[in-house]
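In my numbering, the protein residues as written are 19 to 180.
Don't be surprised by glycine CBs; every beta carbon is placed ideally from N, CA and C.
A quick note: this is a predicted structure, and the numbers were derived from the prediction, not measured.
Notes follow once the structure below has been shown.
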Amino acid sequence: MTATELLNSLSPDDVAEALRKAGYRASLGDTPSGPQIQSAAQGLGFFVAFGNELPSEVGRYADFSFHCWIAIEGSLPAGLIEGWNEGKRFARLFRRNQLLVLTMDVLVAGGVAPGNLQAQIEIWDRVIQDFLHHLKRPVSNSASSNASHGAPEAAPASAASA
Numbered sequence: 019m020t021a022t023e024l025l026n027s028l029s030p031d032d033v034a035e036a037l038r039k040a041g042y043r044a045s046l047g048d049t050p051s052g053p054q055i056q057s058a059a060q061g062l063g064f065f066v067a068f069g070n071e072l073p074s075e076v077g078r079y080a081d082f083s084f085h086c087w088i089a090i091e092g093s094l095p096a097g098l099i100e101g102w103n104e105g106k107r108f109a110r111l112f113r114r115n116q117l118l119v120l121t122m123d124v125l126v127a128g129g130v131a132p133g134n135l136q137a138q139i140e141i142w143d144r145v146i147q148d149f150l151h152h153l154k155r156p157v158s159n160s161a162s163s164n165a166s167h168g169a170p171e172a173a174p175a176s177a178a179s180a
């Protein structure tokens, strides 16, 4: 494989096309912070935000990130976020006000094989599946824990509402 065959940057159109090729809808739009793609996986809406635009290539980026924001209704079980972050490598979970935020970064700087982009989309889909399972299971296995310590009542939040 030669360096000319590697992806060193991506445009929002490139990522949207890769999402469509993988069977997702992909709606391109602009926000005050830059271009964004809206989509959904496993019944949850998510968006793609772009990071570092290359100075030599306007409209092309060295990285992007997947984001899924879920509105929190009620309280979160103790250890929900920590349990996720201790057990996962590729995606992190945090709370932002009344939102539960799941993110995963994708980096192409330095060059990656074209199949890497499809693999990252597949990983994101698996992360969403694992996230939904994580929300449904009890956080603690102690005798004092019960099923009410499972998923918080949550509703998908649109990217524009946060």
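Here Q138 carries a helix assignment [DSSP, helix/strand/coil]. Judged by DSSP secondary structure, G47 falls within the beta strand (DSSP E) whose first and last residues are S45 to T49. The Cβ atoms of S45 and Q56 lie closer than 8 Å to each other.
Rounded to whole angstroms, R144 and H151 show a C-alpha spacing of 11 Å.
Buried is the label assigned to P53, since at least 16 other Cβ atoms lie within 10 Å of its Cβ.
Within the region 77-130, the complete alpha helix (DSSP H) segments of 4 residues or longer fall at 98-105, listed in chain order. Per DSSP, L37 is one residue of the alpha helix (DSSP H) stretching across P30 to K39. Of the candidates F149, A137 and V126, the residue whose Cα lies closest to the Cα of V119 is F149. In the three-state reduction of the DSSP assignment, P132 falls in the helix class, which pools H, G and I. Of the residues G128, F112 and S74, the one whose Cα lies closest to the Cα of T121 is F112. Distance from the Cα of G47 is smallest, within the candidate group A36, A40, D31 and G41, for D31. In the structure shown, L150 adopts helical secondary structure according to DSSP, grouped into three states. A straight-line Cα-Cα distance of about 12 Å links G129 and Y79.
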